[in-house]
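In UniProt numbering, the protein residues as written are 1 to 163.
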């Protein structure tokens with residue numbers, strides 16, 4: 001290996017190390033949490049909602065995006081875990097929201113999806129109740145955010161930038 005090749009190799013390594021250091025710096029100084037949530041509709045046009053043990057109200061299913069996981073992988077995993085739901089077709093990205101009610105760094109990627117349910121979801125320590133509901137007959141204690149997202153999906157309201 002000649003001197004020019006060694007110099008190029010050292011420069012390439014330095015550039016890669018600098019790039020990695022920048023990514024670490026941004027992760028520490030600009031870190032944020034990222035979640036997914038979906039309006040899940042069955043063939044009858046009903047929406048699937050869950051009631052958690054640790055937070056009040058009925059919500060659309062979803063959860064956090066883990067390291068080394070794409071947003072769509074997280075979406076499929078959360079729907080499977082929270083409702084035994086299987087996505088039919090391609091999820092439709094609707095909007096990304098800043099969820100400042102949770103923290104000053106939380107964002108939610110919101111999808112509209114058509115689903116089928118592989119089996120009824122049995123209650124457990126996380127999900128105490130779940131089910132499909134007609135959009136015009138949602139259960140009592142459905143959250144305001146769920147109502148807002150549905151209005152946005154139907155075009156009755158412009159999407160907000162905040163969850």
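C-beta atoms are modelled at their ideal positions from N, C-alpha and C, and glycine is treated no differently.
Everything numeric in this text was worked out from a predicted model, so none of it was measured.
Shown here, residue 73 sits in a helix according to DSSP, grouped into three states.
Considering only 145, 81, 36 and 43, the residue with the shortest C-alpha distance to residue 114 is 43.
Excluding residues up to 5 positions away in sequence, 110 and 159 lie with their Cβ nearer than 6 Å to the Cβ of residue 95 in the same chain. The residue from 148, 40, 74 and 82 with its alpha-carbon nearest to that of residue 124 is 82. It is roughly 13 Å from the alpha-carbon of residue 39 to the alpha-carbon of residue 88.
According to DSSP, residue 129 shares a beta bridge with 51.
With a contact defined as Cβ atoms closer than 8 Å, residue 49 and residue 130 qualify at about 7 Å. Contact between residue 107 and residue 34 holds: CB atoms are separated by about 5 Å, below the 8 Å threshold. Distance check between residue 128 and each of 52, 139 and 32 places 52 closest, using alpha-carbon atoms only. If you look at residue 38, you'll find it isn't in any alpha helix (DSSP H); it sits in the beta strand (DSSP E) that goes 33-41. Of the candidates 61, 2, 46 and 56, the residue whose Cα lies closest to the Cα of residue 140 is 56. Look at the beta carbons and you see the stretch 140-158 touching the stretch 58-69: at least three pairs across the two are nearer than 8 Å. With respect to residue 99, residue 163 sits close: the two C-beta atoms are nearer than 8 Å.
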